[in-house]
Amino acid sequence: MLHNMSTTVEPSSERSAAEVNEEIRALWLRSGGTLSVEQREEYQRLVLEWAAADPEHAA
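According to our numbering, numbering within the sequence shown proceeds without interruption in unit steps and concludes at 88.
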């Protein structure tokens, strides 16, 4: 999956905090616990999306 390298969170995100958290966990699992530069950028983007996500949004 390709992602924009920007760390700006798009306000139109429909994913719940739980969905984003699942993707964060998968990223860490795939990396074996050590993130590359690209993976760190993805992690930062995901954390910002997670922080902005609606925790009540149903998956």
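For every residue, glycine included, the Cβ atom is placed at its ideal position computed from N, Cα and C.
Problem set entry | For S60, three-class secondary structure by DSSP | In the sequence shown, the residue the question calls residue 60 occupies position 31. Residue state, collapsed to three classes: helix.
Problem set entry | Residue from W79, V49 and Y72 whose Cα sits closest to the Cα of S60 | Working through the sequence shown from its first residue, we reach residue 60 at position 31. Shortest Cα-Cα distance from S60 to any of W79, V49 and Y72 involves Y72.
Exercise. Cα separation between L58 and E51?
Worked result: Numbered from its first residue, the sequence shown carries residue 58 at position 29. Numbered from its first residue, the sequence shown carries residue 51 at position 22. Answer to the nearest angstrom: the Cα atoms are 11 Å apart.
For this session: Look at the Cβ atom of I53, then the Cβ atom of L75, and state whether they are nearer than 7 Å.
Result: In the sequence shown, residue 53 corresponds to position 24, counting from 1. In the sequence shown, residue 75 corresponds to position 46, counting from 1. Going by beta carbons, I53 and L75 fall inside the 7 Å limit.
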